[in-house]
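Novice: Before I ask anything, let me first share the structure, which is written out below as structure tokens.
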Amino acid sequence: METNGPIVLGSDQFFHFVHRAMPHARSKRSIPHMKKLKSDPLKNVGQNGGKPKLDLNVEAAWAQGYTGRNITTAIMDDGVDYMHPDLRENYNARASYDFSSNDPYPYPRYTDDWFNRLQDSILIMDNRLPMANSLPPRQPVFRGYPPIQRPIIPLGLETLYTVCRQIYPDQPNPLQVAALVKYWLGGPDPLDYISMYSNPGNPSADIPPHWHYISFGLSDLHGDGRVHEISGVGTPSGFGFELTFRLKREPEEKVPPTWPAAIMQALAKYVFQSENTLVAGDHVSWHCPLDNSESRIQHMLMCEDPQLRTVQTPFGSVTFIQIVGVCTEELQAAQGWNGPGIIDLMKTVSGLGGPWLVTDMRRGETMFELDPSVQEAVDRGVEADGSNLSGVSARCTWQEKKHPAVVDDSEEADLERGFAQISVQESEQIKATLKKGLLGTKSVLPPIRPGSSSSRYFGMPATADQNEGTSRKESYDSNMNSEIASPELLQTKFLESVLIQFNLEAGTILPLALRGRLKHGRHFTFKSVVGDIAITLVPLSVSGAFVDLEHPYAAHGPWLQVLLTDEDIDHMLEDLVAMSESDALSFPKTFECHGTRCAGEVAAKRDNGVCGVGVAYESKVAGIRMLDQPYMTDLIEANSMGHEPNLIDIYSASWGPTDDGKTVDGPRNATMRAIVQGVNEGRRGLGNIYVWASGDGGADDDCNCDGYAASMWTISINSAINNGENAHYDESCSSTLASTFSNGAKDPHTGVATTDLYGKCTKTHSGTSAAAPEAAGVFALALDANPNLTWRDVQHLTVLTSKRNSLYDSKGRFHWNMNGVGLEFNHLFGFGVLDAGAMVALAKIWKTVPARYHCEAGSVKTPHRILTNASTQIYIDTDACTGKETEVNYLEHVQAIITLNASRRGDVTLFLISPMGTRSMILNKRPNDDDQYDGFTKWPFMTTHTWGEGPRGRWTLEVRFDSQVPQSGFIKEWTLMVHGTRDAPYRDLPVEDDNSKLAIVKKAHEVGYKI
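So that you can map any letter, position 666 of the sequence shown is 666 in full-length UniProt numbering, and since no number is skipped, the others follow by simple counting.
Right under this line is the structure:
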């Protein structure tokens, strides 16, 4: 919403697109542009119901007893659904983190394309300056037990148990869902327990038999400060409430479903992180069936539990707030009128669970369809009262309209420039003001506190008094008499123009705010779920605000007020109607599933009847959420790559720079330092393993232009399809080490089976995104067999045990070749497809490879012209640092660090020829790359094709333009770096198969000694 003088709201002004310089873009590698096929995945041998991943010879590794035990793989992606039944037991909470929201819970968030195009300013503040303007999430700290005899059952918990036993005397030990690791010990789940009782109901009163769920943990159970601040009688215990839920019991059910417990934990996380309490009348807009079925019950209203009344514990009072599942139409009615009114009406409608409001997930009709007269009651209430919804927590931000902010790509960039900022002291004043409301207003702001990182949307009634029908004046008096807001508020800043941005869902609430609140003389507040930002819309009839007709836009720090006249409100409502009719608000909105799918490939549980089984089904999986945003920063990447390097063994990344065939990009300085530190110091000195998807740019791209996949510190994995040929999206490059399997176009009905969101499964995971986690799972098996493997050992094992099998290039471009020591390689597939059984067998007897050295083998700094359709050859003769500390005799990685410019960069092709005659294409033609300015500046092109060879002799760089049109350019500089060992790497390894790669390479090295 863009303002300049009186608000005139039009579609171009309201949802204003702000384009800011993005630090750098990152894309997931799951072939997002497959237009020919609805589903283009892979079904390998035995998938979708059988034993998966047999094509990687995983069963042979399992048969040897290796399943990934005690190995943790971190999925660096858009989040992991760690509550998924196939992942829950293998989830490593301690090793997980959400760097997009700065909290410990990397749960996937909404994909809201409309908001993603606007929210970069919010997310930059959230990620780069997490503590600057926001109340930090409540972090439980275990402070030890007091020096007194500790009761077996904490007193707060015992009091709540006693209340439950009064209702259920026949169920002293109900079934419970318990947190595996308590929140105060670092676990992810705030609720210690959720008890599940069987309630017979009262059919004569329309109350069906049902399951009754009761939480324990939002109130203070212990009274020793380990989770909640210590309080006492007369004050709320902890947050002052516990959650309950009543679910209709189906005739065939013998035990209660556990999905309600997951929802209660999710709500508890919101409360702990935001410190917003839930009260009767609140609503939660969930936007998917609560039980992940096809049910119409997709949202929640809150009411007081009809059987459990407020109770006094030794640590304060506890109220029981019951969750009631509702349809979208019922939620909208609660938003348009008020939650308590809808709750009261629901109790009178047959089929809605009776006066106890038992949720029936199989209910197919709304309250308005069951009883049409209810609509009339709602309409009368709206007409008389307007909406009781005075504010919502949503994704929103505002900005005083100045010159466009520019984001500096350096680490020292002022990323807050142009946004509302406050000091720590001012922040505390604003928090107090937001709690107390506007001085002299007819209505009081809800108790909204900053700090939430929840992606859910929560609606709040104005006050508890208003829920009971108290007048606005009485509500104001009762709330303000005892505690008057401090007169020492921030200095008011009057604004001439302001830009307001909402996400899609907050935008859809605007008509309700205007029609149901402002036209009834009441204000409405949008409270950002990120930071202290609040936006209050104020009508003329509200007094005591710091806006007036002369200054309709004003701010106290990040709290913005906008005064709307009756004419403004009418214009806005007209514009909003026009926008909705033109589908201006129609954008897809789903949860991100990419990371969850990758996690299932690695560590999905075996033999539990859910989805399938992961490659390393007894390994642990961690979630590092850092990807689902329209930009990336060096700091986010560096924090992700370096997160808990001694808890995490393997980092799996199924993303990279945009695969458009013209991007040249890679890790920035901080990220590169984090990766290098990981391989040198991670895993207590053994080195972390970084697995990277090679890319989905297809034949028109080259993964040597991707600085992540082409790094010698990562293992780049490509994919093949189920008949052995390359996938149409596969990029080719000399840095690829090996391949696994993913989807392809031969059979559109086949797919990679893995875990999906909402506890579901999918058979359509795709791209090299699916290939990299499979490799991570295989490496977890190898580390299970030999935990002392270094990061370099894993690369050597990959080279020596990968198989050519029947892999081939369907276009006939790249054939299998043999390097100077007898190792077969392919420009598409590296050294072949991973063989888990062979890798585990060799890992068991493995001897750590000798120390590695880095030798600058030579440099050419004289410019050489690049010719069109004719090769220019440049030579470096080297002794590979013989006699020096960095002497290299046996190669691992080779880098050609090149600076060049060209009239068309995409037409340049580069080949590197080793002294033993191995020819590596280090840059392929890229038809989409028409760059004529940047070229390459000291870009490290890398090849693995010379693995095991000797480096001494003449190296040849061959360069040409592959073009029908004459081009011009120069190789300005070429530096050759060889990396490897001084001593033979496999000298002490026993050979058990004379036809193995190990035997072939070892023999070549021995012959080399004789020479």
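For each residue, glycine too, the CB sits at the ideal point set by N, CA and C.
What's the C-alpha gap between residue 338 and residue 268?
Specialist: In a straight line, the C-alpha of residue 338 is about 23 Å away from that of residue 268.
Novice: Bridge partners for residue 537 per DSSP, in chain order?
Specialist: Looking at the DSSP assignment, residue 537 forms a beta bridge with 524 and 562.
Novice: Closest to residue 911 by CA distance: which of 872, 552, 948 and 899 is it?
Specialist: Ranking the options by Cα distance to residue 911, first place goes to 872.
Novice: How close, in whole Å, do the beta carbons of residue 56 and residue 774 come, if the pair is a contact with beta carbons under 8 Å?
Specialist: That pair is a contact at about 6 Å.
Novice: Suppose only complete runs of 3+ residues qualify. What are the beta strand (DSSP E) ranges in the region 170-246, listed by chain order?
Specialist: You should have 175-178, 193-199 and 210-216.
Novice: Once the 5 residues before and after residue 697 are set aside, which same chain residues still bring their CB inside 6 Å of it?
Specialist: Excluding positions up to five away in sequence, the list reads 659, 661 and 731.
Novice: Just verifying my parser: in three-state terms, what is the DSSP assignment at residue 1000?
Specialist: Residue state, collapsed to three classes: helix.
Novice: What are the boundary residues of the beta strand (DSSP E) that includes residue 955?
Specialist: Element bounds for residue 955: 953-961.
Novice: Between residue 757 and the rest of its own chain, which residues show a CB-CB distance below 7 Å, the 5 nearest in sequence each way excluded?
Specialist: So the list reads 81, 108, 591, 593 and 596, once near-sequence residues are dropped.
Novice: Among 514, 256 and 282, whose alpha-carbon lies nearest the alpha-carbon of residue 342?
Specialist: Considering only alpha carbons, the answer is 282.
Novice: Who are the near neighbours of residue 606 in its chain, counting only those whose CB is closer than 7 Å to its CB and skipping five residues on each side?
Specialist: Within the same chain, residue 606 has close Cβ partners 613 and 617.
Novice: With DSSP collapsed to three states, give me the class of residue 1056.
Specialist: Nothing in the structure corresponds to residue 1056, since the chain is present only between 1 and 1011.
Novice: Take residue 797 and list the residues in its own chain whose beta-carbon comes closer than 8 Å to its own, dropping the five residues that flank it on each side.
Specialist: Within the same chain, residue 797 has close Cβ partners 782, 789, 839, 842, 843 and 846.
Novice: Apart from the five residues just before and just after residue 913, which ones in its own chain have a Cβ nearer than 6 Å to its Cβ?
Specialist: The answer, listed in chain order, is 919 and 956.
Novice: Mind checking residue 349: buried by the 16 CB within 10 Å criterion, or exposed?
Specialist: By the neighbour-count rule (16 or more Cβ atoms within 10 Å), residue 349 is buried.
Novice: Please go through the region 643-692 and give each complete beta strand (DSSP E) segment of 3 or more residues, from N-terminal end onward.
Specialist: Those beta strand (DSSP E) runs which fall completely within the region 643-692 and span 3+ residues are 650-653.
Novice: Taking Cβ positions, are residue 950 and residue 905 nearer each other than 7 Å?
Specialist: Contact flag unset, no.
Novice: Are at least three pairs of beta-carbons, each pair with one atom in the region 226-245 and one in the region 264-279, less than 8 Å apart?
Specialist: Touching, yes.
Novice: Per DSSP, which one or two residues make a beta bridge with residue 796?
Specialist: None, per the DSSP bridge assignment.
Novice: In its own chain, which residues sit with a C-beta less than 6 Å from the C-beta of residue 99, not counting the 5 before and 5 after it?
Specialist: Only 626, 636, 639 and 640 meet the Cβ criterion.
Novice: Out of 515, 399 and 508, state which residue places its alpha-carbon closest to the alpha-carbon of residue 495.
Specialist: Nearest C-alpha to residue 495: 399.
Novice: What's the C-alpha gap between residue 560 and residue 526?
Specialist: Computed Cα separation, rounded: 10 Å.
Novice: Taking Cβ to Cβ, would you say residue 837 is nearer than 7 Å to residue 61?
Specialist: It is a contact, given that the beta carbons lie within the stated cut-off.
Novice: Does DSSP classify residue 518 as helix, strand or coil?
Specialist: Helix, per DSSP.
Novice: Pairs of beta-carbons, one from the region 984-992 and one from the region 846-857, closer than 8 Å: are there three or more?
Specialist: Contact between the region 984-992 and the region 846-857 is present, because at least three Cβ pairs lie under 8 Å.
Novice: Would residue 521 and residue 539 qualify as a contact pair, given that the criterion is a beta-carbon distance under 7 Å?
Specialist: The answer is yes: Cβ separation under 7 Å.
Novice: Please state the DSSP three-state secondary structure of residue 706.
Specialist: Residue 706: strand per DSSP, three-state reduction.
Novice: How big is the Cα-Cα spacing for residue 767 and residue 669?
Specialist: Their Cα atoms are separated by approximately 28 Å.
Novice: In angstroms with no decimal places, state the Cα-to-Cα distance between residue 862 and residue 500.
Specialist: If I take the Cα positions, the gap works out to 56 Å.
Novice: Using only alpha-carbon positions, find the residue among 293, 220, 983 and 610 that is nearest to residue 272.
Specialist: Taking only the C-alpha atoms, the option nearest residue 272 is 220.
Novice: Going straight from the alpha carbon of residue 159 to that of residue 210, what length do you get?
Specialist: Answer to the nearest angstrom: the Cα atoms are 24 Å apart.
Novice: Do residue 79 and residue 623 have their C-beta atoms closer together than 7 Å?
Specialist: Yes, the Cβ-Cβ distance between residue 79 and residue 623 is below 7 Å.
Novice: Any idea what DSSP makes of residue 639, helix, strand or coil?
Specialist: Residue 639: helix per DSSP, three-state reduction.
Novice: With distances taken between CB atoms, is the gap from residue 358 to residue 226 smaller than 7 Å?
Specialist: The answer is no: Cβ separation not under 7 Å.
Novice: If you compare alpha carbons, which of 536, 976, 687 and 726 is closest to residue 940?
Specialist: Considering only alpha carbons, the answer is 976.
Novice: Which same chain residues, not among the five before or five after residue 308, have their C-beta less than 6 Å away from its C-beta?
Specialist: Result list for residue 308: 320, in chain order.
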